[in-house]
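Each residue of the sequence shown is one higher than the one before, counting from 2 in the numbering used here. All C-beta atoms in this analysis are idealised placements derived from N, C-alpha and C, irrespective of residue type, glycine included.
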Amino acid sequence: MQELIRQYLDHHLGRRGLFARMAGMGFTLAAAKAFLTPLDASERVETSSGSTIEGTGGELVVAQAKAAGAQYLFTNPGSFEVGFYDAFTDTPGMQLIMGLHEGLVISMADGYHRVCRKPALVNVHVVAGTAQMAGQLYNASRDGSALVITAGLLDNELWGDDVVLAPRPGFNQKEIIRQFTKISWEVRNAESLPLVLRRAFKVAATEPCGPVYMAMANYALETKGVKAQILPADRFLLRARVRPSASAVEEAARMLVESKRPLLVAGDEVWKGSAQAELLDFSEKLGLPLSLGSAAFRPFPVKHPNYLGAYDLDSGYVKRGVDLAMVIGAPDFGGRAMVTSPIRSIEPPGARIVRIGIDTAAMGRTSPTDLALVGDVKETLADLRTAIESLLTKSRLASFGTARSEEVRALTAAERAKADAEAQQNFGRNPIHPDELGAVLARTIDPNAIVVSENLTAKYDAFPFGFRENEQMWLGNTGAGLGWGIGAATGAKLAAPDRQVICSIGDGSVMYSASGFWTQVRYGIPILTVVWNNHNYQTVRHAYDSYKGKMHKSGHYAGMYLGDPNIDFVKLAESQGVKGERVTSGTDLEAALKRGISATRDGKPYLVEVVIARYGGGADSTWYEKFNLAEKRKQRV
Ligand SMILES: Cc1ncc(C[n+]2csc(CCOP(=O)(O)OP(=O)(O)O)c2C)c(N)n1
Ligand SMILES: [Mg+2]
């Protein structure tokens with residue numbers, strides 16, 4: 002009988018087979034069924050609570066990653082991860098996505114996570130691969146993306162300490178990127194691999210999220226016959242929607258109702274906590290103008306009359322005085338004045354400051370705080386709304402928002418009319434002005450396109466970014482470590498295959514991640530890339546020029562001009578299998594973009610390079626540091 006039960010639980014014997022064998026032993030059908038019920042239940046508990054499996058260290062890692070819900074493995078591999086890749090090969094239900102540089106691999110995972118909010122799994126090579134991903138890991142850590150990064154590890158404690166591709170003598174591998182991770186581990190014990198991987202998923206995905214790193218010794222990955230427990234995601238990934246204290250909510254509600262000149266400053270916790278609709282309702286009901294702190298998403302409809310754009314101490318609304326600033330899901334005010342020296346506080350002078358969010362370590366680390374509502378943004382806004390409804394009569398509440406937002410509505414309407422008129426004047430120019438490219442792009446792409454932007458001097462005023470599935474969505478990063486856009490767009494499309502994804506990127510930015518098109522072609526990831534080619538690092542040139550030093554006077558901006566030789570972005574994409582075209586005249590723009598969109602509908606990535614005008618200080622300068630080594634040679638070798 003015991004043998005029968007074992008065979009049934011191991012799936013070597015089906016229900017019917019078990020009944021037949023039990024009938025042979027003299028059991029009635031009813032008795033056999035009654036016997037089976039607890040067995041089935043115990044089996045269910047067994048599968049949902051996890052199981053102990055035996056395999057190589059690498060096989061345990063892959064089994065645990067799959068059980069944790071990893072759908073993709075973003076990677077650029079190396080020899081010392083052989084135990085991992087050998088286990089991964091042919092694993093059903095997980096897809097490997099190759100990137101040709103570690104920076105790209107990270108930005109792909111980052112874009113994927115930002116769009117679908119699931120933790121993203123990455124594997125990179127030992128020391129050199131780990132160091133090479135650091136720039137993009139900085140972006141991911143700054144914006145709190147849940148990335149689980151595994152890597153190979155050559156142990157410099159085994160015999161020699163100066164091993165090729167091992168950490169340098171006396172150092173360890175995780176130190177290289179420690180400041181860009183929440184926690185980093187090095188695992189040498191094969192049995193611990195799945196356990197530490199679970200920790201890695203858990204820490205990465207626990208809010209506030211962020212990247213983690215786990216280096217795995219090559220010999221641990223290759224050890225055979227290792228037994229360890231594998232657990233499903235729901236047994237170690239926690240989701241909690243923390244609610245703030247009732248007394249803090251009440252006090253904040255009173256402050257809001259009494260405030261004469263309030264201001265909301267919103268950040269990424271709003272998007273991450275899916276609280277956009279609550280925020281919109283909150284702003285409208287109470288007539289609260291809203292600006293953005295440091296934010297990679299646009300959590301508020303940018304065409305809304307209450308929307309002031311990025312927080313700016315010198316903006317019209319703030320200058321006229323703010324008595325209450327409510328910072329919602331943002332680390333702080335952000336804004337342009339953050340790095341001025343001597344130090345200048347950037348909170349609205351004299352305003353009381355209320356904060357809402359769960360990232361208590363970031364909250365109020367710089368500007369002061371009068372009241373903190375520690376909790377999930379969505380829950381807190383709902384609680385605040387209820388508290389406000391109990392403070393105001395229904396009729397007062399009905400007119401409250403409209404009356405109070407009169408000033409801000411007039412202000413934003415006037416500012417937008419002025420910006421529109423200025424932009425209109427730039428249409429039809431030669432070369433194409435970025436205002437025209439922005440306007441044509443905004444109206445040509447899908448109404449629910451995801452626009453992944455790595456382009457600091459582009460013009461986005463025409464885009465009606467919102468937060469609903471049927472609205473255009475902005476996706477950026479606040480770190481500004483260049484080399485993010487192409488990978489991030491690729492990851493975004495993997496996360497949202499049924500939405501159009503546009504990669505809107507500067508000429509300079511493309512070249513930090515120039516091998517990223519290959520991945521799009523290899524795996525049929527149809528993205529339209531639009532290159533804003535001003536032959537310049539314009540953002541930096543603006544900074545150089547406003548310093549008003551020698552570069553401003555001479556027009557000699559060191560390292561800024563990117564022409565001579567001109568980079569051929571169409572050929573760059575074509576060399577990796579992406580079709581494209583260059584546009585130099587405004588009249589050809591819409592048709593070119595439409596050809597690109599039609600290619601992506603057919604499943605093919607496409608690139609449109611648009612040659613645009615430079616603007617701002619030093620726009621005319623094509624100067625660069627002339628130097629020609631060939632002419633200086635003594636021998637023609
Ligand atoms: C990794 C990295 N290197 C250098 C910089 C400095 N930087 C900031 S903006 C910029 C120019 C970007 O050029 P492009 O993408 O063409 O955009 P544009 O400024 O012309 O709009 C540079 C080099 C950076 N932010 N990150
Ligand atoms: Mg440029």
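Residue closest to residue i, alpha-carbon to alpha-carbon, out of the options
| i | options | result |
| --- | --- | --- |
| R523 | L97, S599 and V128 | L97 |
| E60 | H557, E472, E279 and Q230 | Q230 |
| S586 | T445, P78 and P432 | P432 |
| L239 | T151, P245 and A205 | A205 |
| P302 | G335, P168, R353 and E279 | E279 |
| L590 | T623, E437 and Y625 | E437 |
| L1 | E82, V409 and G488 | Beyond the ends of the chain as shown, which are 2 and 638, falls residue 1; an answer cannot be given. |
| Y625 | R634, S555, S342 and V128 | S555 |
| G467 | S346, F298, A544 and R615 | F298 |
| G439 | E416, N307 and F464 | F464 |
| R615 | M215, H543 and K635 | H543 |
| T242 | M474, D384 and G268 | A quick correction: the sequence has Arg, not Thr, at residue 242. Per the Cα distances, D384. |
| A267 | M256, P300 and E252 | P300 |
| A443 | S52, N307, S505 and A411 | S505 |
| D447 | T601, N173, R321 and A141 | T601 |
| T475 | G484, G488, G482 and E455 | According to the sequence as given, residue 475 is Trp; it is not Thr. Of G484, G488, G482 and E455, the residue nearest in Cα terms is E455. |
| K460 | V579, L198 and A420 | A420 |
| V85 | L198, R637, M561 and P606 | At residue 85 the sequence reads Phe, which differs from the Val that was named. Selected option, being the one with the closest Cα: L198. |
| T458 | S248, R22, N535 and K286 | N535 |
Three-state secondary structure assigned by DSSP to residue i
| i | result |
| --- | --- |
| R189 | coil |
| Q230 | strand |
| V46 | Note that V46 scores a pLDDT of 36, beneath 50, so its modelled location is shaky; the value from the coordinates is reported in the next line. In this structure, V46 counts as helix in the three-state DSSP scheme. |
| F75 | strand |
| P527 | coil |
| S622 | coil |
| T520 | helix |
| I344 | coil |
| M217 | strand |
| I433 | strand |
| L101 | coil |
| L309 | strand |
| V532 | strand |
| V502 | strand |
| Q96 | strand |
| N140 | helix |
| G507 | strand |
| G402 | helix |
| Q636 | coil |
| I1 | With the chain covering only 2 through 638, there is no way to say anything about residue 1. |
| N629 | coil |
| Y548 | coil |
| G597 | helix |
| G84 | helix |
| W283 | Contrary to the premise, residue 283 reads as Phe rather than Trp in this sequence. Helix. |
Bridge partner(s) assigned by DSSP for residue i
| i | result |
| --- | --- |
| R583 | E610 |
| M474 | I451 |
| E55 | K228 |
| M327 | L265 and V355 |
| V128 | DSSP lists no partner for V128. |
| S292 | V266 |
| V375 | G358 |
| N537 | Y562 |
For residue i, the first and last residue of its enclosing beta strand (DSSP E)
| i | result |
| --- | --- |
| F466 | Here F466 belongs to no beta strand (DSSP E), and DSSP marks it neither H nor E. |
| N1 | This structure cannot settle anything about residue 1, because the visible part of the chain is limited to 2 through 638. |
Continuous alpha helix (DSSP H) stretch holding residue i: start and end
| i | result |
| --- | --- |
| T151 | No alpha helix (DSSP H) contains T151, which is instead part of the beta strand (DSSP E) from L148 to L154. |
| H557 | No alpha helix (DSSP H) contains H557, which DSSP labels as neither H nor E. |
| R366 | Segment: none, R366 is in no alpha helix (DSSP H) and carries neither H nor E. |
| A459 | A459 -> no alpha helix (DSSP H), and no H or E assigned at all. |
| V197 | L194 to A206 |
| Q426 | E407 to Q426 |
| T491 | G486 to A496 |
Taking contact to mean 3 or more Cβ pairs, one atom from each stretch, closer than 8 Å, check whether the segment 117-126 and the segment 62-81 are in contact. Output reads yes: the segment 62-81 touches the segment 117-126.
Does the segment 99-109 come close enough to the segment 233-241 to have 3 or more Cβ pairs within less than 8 Å? No, the segment 99-109 does not touch the segment 233-241.
For the segment 318-338 against the segment 480-496, do three or more pairs of beta-carbon atoms, one drawn from each stretch, fall closer than 8 Å, so that the two count as touching? Touching, no, given that fewer than three Cβ pairs across the two stretches are closer than 8 Å.
Hey, is the segment 104-112 in contact with the segment 82-92, meaning 3+ C-beta pairs nearer than 8 Å? As far as the Cβ criterion goes, the segment 104-112 does not touch the segment 82-92, which means the pair count is below three.
If contact is defined by three or more beta carbon pairs under 8 Å, each pair taking one atom from either stretch, is the segment 163-171 in contact with the segment 508-516? No: the two stretches stay apart, fewer than three of their Cβ pairs being nearer than 8 Å.
Stretch-stretch touch, CB-based, cutoff 8 Å, three pairs: the segment 121-130 with the segment 544-554: Not touching, per the Cβ criterion.
For the segment 361-378 against the segment 394-406, are there 3 or more C-beta pairs whose distance is under 8 Å? Contact between the segment 361-378 and the segment 394-406 is absent, because fewer than three Cβ pairs lie under 8 Å.
Using 8 Å as the cut-off, can you tell me whether the segment 385-394 makes contact with the segment 243-262, which would need three or more C-beta pairs spanning the two stretches below that distance? Yes, the segment 385-394 touches the segment 243-262.
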